[in-house]
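Residue numbers (the working numbering), protein chains in the order written: chain A, 31 to 366; chain B, 31 to 366.
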């Protein structure tokens, strides 16, 4: 039996391409004592992976060339010589871009999950890292009061969609920023945001700020930032005194394009707090976040969509499509 | 008897000039019931006044044209029909750019001060608004641990000089940024900072960042930002993970020059917290701050210098000199 794997073959210069990845097959190893074999059902595609492809200084070490790409996965234990894991267990962890994981459970950061009321794939989305990311930024940094206005960019994405719905649950006004009328309709009609600004319909920072003013008549108290660049400039111009900006992603600059902040003095004049965070560094937040998110998915009050590609070979193209924002929702690759 | 006053005659376009101010004399009014007359000994000159001269949106209403310029003052009660204030009391408050204040004590925000061990003028500097500003940003935002490195720009100024000394008192490494060898020598030799970078000796952000790297071999954990622009860009590039930036002033942009932040994505990748603040909005911080600062000035462990101009007519030129950074220390005008 073979294990299919995708490795990083080269680093992108500018935008990444499918040629940066290489598919290979290796024999599927038997588990040694203390190891498990997990058959992956789903691979998660996330923006942070773009950062790992480059070797620029960042919070995480770059993905080594020639090794299996890092990635969250969900699957089923198919062999186990590790205490606490049995064949048939549903698990979620960091199995990488491959059809199977073989190794110690701690290396895969596996945790068992209950799929009775929450689908397995949701543990890679609203009840997984993207959901906890949304929860942490909203709850621990923005901390909106009822009636305050929260803006989130990439609002139709895996993180942004949860941010707005959590803000609504706390009695705040939720305003999304997304690209194109289809995404904006989804954000408002299906996710229940109060408004959504289509940034592609507004040519420059001034037009975007004007659209935000209309969508946020009482100003902006909290911003969950996934994009940066012109979008952040426009949001900053509309922030209320004592506003909070949770800086989660700066995807506008991921390909090396400069994304200067035009008017940082607004942080002073509006007495803002801007805070960058990486959710994996806040393990204490995961249990309360997962409790709320799991319950909300189980009872159907937290909505989400998935954009699923089939087969490991489709992962590179699906990853690039995710970065481009071709589809809305959580991007996954189905592996079994 | 006359009251000499300086009013804002016009708003600057670009850099301010002495022509933006006009001197006038009005008869000194008798105090009405509930009022005091304070004879000003010192007028404080502070960077925030530059912001009030413009009518751009900011945290404070612009200074109205034709009215006495806002400003902190220290003086002596020379007539009183207000409870709690007696002739001879030494007081500090917001008396404005004039030789005398006449009005209700609350309007001048007067508080009585003890000049037994702390000179009256110090209540406008290290034991006044500039000192509390330094204390708040360092203590409540940067909160350095012993051994961490704190950088402060305008290090030879009224606020920056206190920031570094307070950082040293907390066991941190204090590194200043100042313009010219004289200021840097003062910061290190007299104030006791560990190092000082002369930004005028480094032509661009890369050279400045290199100089900061040498002065901060373990990186920067806290930045007290008074300047912005290229200086902030250079500091940001050297910030350690989980660093804090207390944004107190952005004087590089006060004349309308754009001061974009080149790489705001560093806030995310270094998981920084950037917080703007105005010390007058944090009244709860003043008592503990003034207690520490007053004791440290009284026992001589907190050092400061004053740049004193004589007579109200000299105030506009002295104010412009303060903005240019011609002299180090706290800028005052002696009025009596």
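Note that the Cβ used here is the ideal one computed from N, Cα and C, for glycine as well.
{"Query": "Taking C-beta to C-beta, are residue 223(A) and residue 204(A) nearer than 7 Å?", "Result": "yes"}
{"Query": "Going by DSSP in three states, residue 83(B) sits in which element: helix, strand or coil?", "Result": "helix"}
{"Query": "Report yes or no: is there a C-beta of chain B within less than 7 Å of the C-beta of residue 292(A)?", "Result": "yes"}
{"Query": "Counting only C-beta atoms, is residue 302(A) closer than 7 Å to chain B at any point?", "Result": "yes"}
{"Query": "Exposed or buried, residue 47(B), counting other C-beta atoms within 10 Å across all chains shown (16 or more means buried)?", "Result": "exposed"}
{"Query": "Quick one: which residues of the region 79 to 96 of chain A get their C-beta closer than 7 Å to a C-beta of chain B? List them in chain order.", "Result": "88 and 89"}
{"Query": "Excluding the five sequence neighbours on either side, which residues of its own chain have a C-beta within less than 8 Å of the C-beta of residue 323(A), listed in chain order?", "Result": "156, 157, 161, 162, 165, 192 and 332"}
{"Query": "Using beta carbons (cut-off 7 Å, strictly below), is residue 145(A) in contact with chain B?", "Result": "no"}
{"Query": "So, are the CB atoms of residue 268(B) and residue 303(B) less than 7 Å apart?", "Result": "no"}
{"Query": "Run through chain A and tell me which residues come within less than 9 Å of residue 280(B), C-beta to C-beta.", "Result": "294, 295, 297, 298 and 299"}
{"Query": "Does the region 33 to 48 of chain B touch the region 348 to 364 of chain A, meaning 3 or more C-beta pairs lie closer than 8 Å?", "Result": "no"}
{"Query": "By the three-class DSSP mapping on this structure, what secondary structure does residue 370(B) have?", "Result": "Chain B is shown from 31 up to 366; residue 370(B) falls before or after that span and cannot be answered."}
{"Query": "Beta strand (DSSP E) containing residue 336(B): first to last residue?", "Result": "336 to 340"}
{"Query": "Residues bridged to residue 106(B) by DSSP?", "Result": "69(B) and 120(B)"}
{"Query": "Can you name the start and end residues of the alpha helix (DSSP H) that residue 168(B) belongs to?", "Result": "Taken as a continuous stretch (DSSP letters only), residue 168(B) belongs to no alpha helix (DSSP H), as it is neither H nor E."}
{"Query": "Which class does residue 317(B) belong to by DSSP, given the choice of helix, strand or coil?", "Result": "helix"}
{"Query": "What residue does the beta strand (DSSP E) around residue 193(B) start on, and which one ends it?", "Result": "Residue 193(B) -> not in any beta strand (DSSP E); alpha helix (DSSP H) instead, spanning 190 to 199."}
{"Query": "Terminal residues of the continuous alpha helix (DSSP H) containing residue 295(B)?", "Result": "295 to 299"}
{"Query": "Taking the alpha-carbon of residue 284(B) as reference, which of 130(A), 116(A), 299(A) and 56(A) has the nearest alpha-carbon?", "Result": "299(A)"}
{"Query": "Quick check on residue 147(A): does DSSP put it in helix, strand or coil?", "Result": "coil"}
{"Query": "Mark residue 213(B) as exposed unless 16 or more other C-beta atoms lie within 10 angstroms of its C-beta, in which case mark it buried.", "Result": "buried"}
{"Query": "Using the C-alpha atoms, what's the distance from residue 54(A) back to residue 69(A)?", "Result": "17 Å"}
{"Query": "Could you pull the DSSP bridge partners for residue 362(B) from this structure?", "Result": "74(B) and 338(B)"}
{"Query": "Put residue 277(B) into one of helix, strand or coil per three-state DSSP.", "Result": "strand"}
{"Query": "Following the continuous alpha helix (DSSP H) through residue 263(A), name the residue where it begins and the one where it ends.", "Result": "260 to 267"}
{"Query": "Excluding the 5 residues preceding and the 5 following residue 93(A) in the sequence, name in chain order all residues of the same chain whose CB lies nearer than 7 Å to its CB.", "Result": "38, 82, 83, 99 and 100"}
{"Query": "Would you report the Cα separation of residue 263(B) and residue 232(A), rounded to the nearest angstrom?", "Result": "29 Å"}
{"Query": "Along chain A, in chain order, which residues have C-beta atoms closer than 7 Å to that of residue 308(B)?", "Result": "301"}
{"Query": "Against chain A, with Cβ distances strictly below 7 Å, would residue 159(B) count as a contact?", "Result": "no"}
{"Query": "Note the first and the last residue of the continuous alpha helix (DSSP H) segment covering residue 214(B).", "Result": "211 to 215"}
{"Query": "Between which two residues does the alpha helix (DSSP H) harbouring residue 135(A) extend?", "Result": "135 to 138"}
{"Query": "Tell me which residues of the region 109 to 134 of chain A have at least one Cβ-Cβ distance to chain B shorter than 9 Å, keeping chain order.", "Result": "none"}
{"Query": "With 8 Å as the limit, tell me which residues of the region 261 to 286 of chain B have their beta carbon closer than that to any beta carbon of chain A; keep them in chain order.", "Result": "262, 271, 277, 278, 279, 280 and 283"}
{"Query": "Evaluate contact between the region 243 to 260 of chain A and the region 180 to 195 of chain A, counting only Cβ atoms and requiring at least three cross-stretch pairs below 8 Å.", "Result": "yes"}
{"Query": "Would DSSP call residue 31(A) helix, strand or coil?", "Result": "coil"}
{"Query": "Residue 324(A) by DSSP, collapsed to three states: which one?", "Result": "helix"}
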